[in-house]
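**Q** Residue 93 in this note's numbering sits at position 93 of the sequence shown, and the numbers go up by one each step.
Beta carbons are placed, not taken as given, at the ideal position from N, Cα and C, and that holds for glycine.
Structure incoming, see below.
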Amino acid sequence: IMRANVFKKGFSLIEILITLSILAIVASWASPSFKTMQARQEFSSVVYLIRQQMNLARSHALTVHSDIVMCPSRDLLSCENDQWQHSILIFIDTNKNRKLDPNETIVSSTPTLLKYGSLTWHGNASHPHQIVFQSDTGLPRGSMGHFSYCNFEQVEYQKDLAIGMMGHITTLASAQCN
């Protein structure tokens, strides 16, 4: 008499449900930590991006001996007030009107790709919406102000990035976020 093999390989429905339950619990514990890590990474990326773009604008102003404007943009083709959360545009301002004209060269157009916060510029009366790097020194003379990065959920990443007279960035706790 031949016996049939009664043992089958595989997982039972109970084993699969227990495994999925454990995975769901671990995922629910990890999710807030993952969002915090992403918020911290976005803030670090914003600080690095602003420093990088300011260094590029400063060195370009010295190289081409022309005013360089750093402004916000939504479409990477024109300056638009208060759109820093979308992208940063840098161009050679040959006629010194602080507007991107058709004959002026775009040096850099970089998306900021913000997902967890917003970025705003708080300039002075003469440069309320952009930063101008002077042709003679490469410094943002007259463009003193600060960026405010406001994270939507993580208060510890709500910071001001103050621009000094020499173009250096100092990170401070933000008073501009609601």
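Measuring straight from C-alpha to C-alpha, what distance separates residue 146 and residue 157?
**A** 15 Å
**Q** Within the continuous beta strand (DSSP E) that includes residue 184, where are the two ends?
**A** An answer regarding residue 184 cannot be provided, because it is not within the stretch 1 to 178 covered by the chain.
**Q** Beta-carbon within less than 6 Å of residue 129's beta-carbon, same chain only, minus the 5 sequence neighbours each way: which residues are those?
**A** Contacts found: 81.
**Q** So residue 50 packs on residue 161, CB below 8 Å; how close in whole Å?
**A** 6 Å
**Q** If you pair each beta-carbon of the segment 43–57 with each one of the segment 106–114, do three or more pairs fall below 8 Å?
**A** Output reads yes: the segment 106–114 touches the segment 43–57.
**Q** Which ranges would you report for the beta strand (DSSP E) in the segment 152–176 if only whole runs of at least 3 residues count?
**A** 159–163 and 169–173
**Q** Among 175, 149, 141 and 21, whose alpha-carbon lies nearest the alpha-carbon of residue 168?
**A** 141
**Q** Count the C-beta pairs between the segment 120–138 and the segment 18–27 that are closer than 8 Å, then say yes if the count reaches three, no if not.
**A** No, the segment 120–138 does not touch the segment 18–27.
**Q** Residue 88: beta carbon under 8 Å from a heavy atom of the ligand FAD?
**A** Absence of the ligand FAD is noted for the structure shown, with no ligands found whatsoever.
**Q** Rank 88, 20 and 63 by C-alpha distance to the C-alpha of residue 53 and give the top, closest one.
**A** For the residues 88, 20 and 63, the minimum Cα distance to residue 53 belongs to 88.
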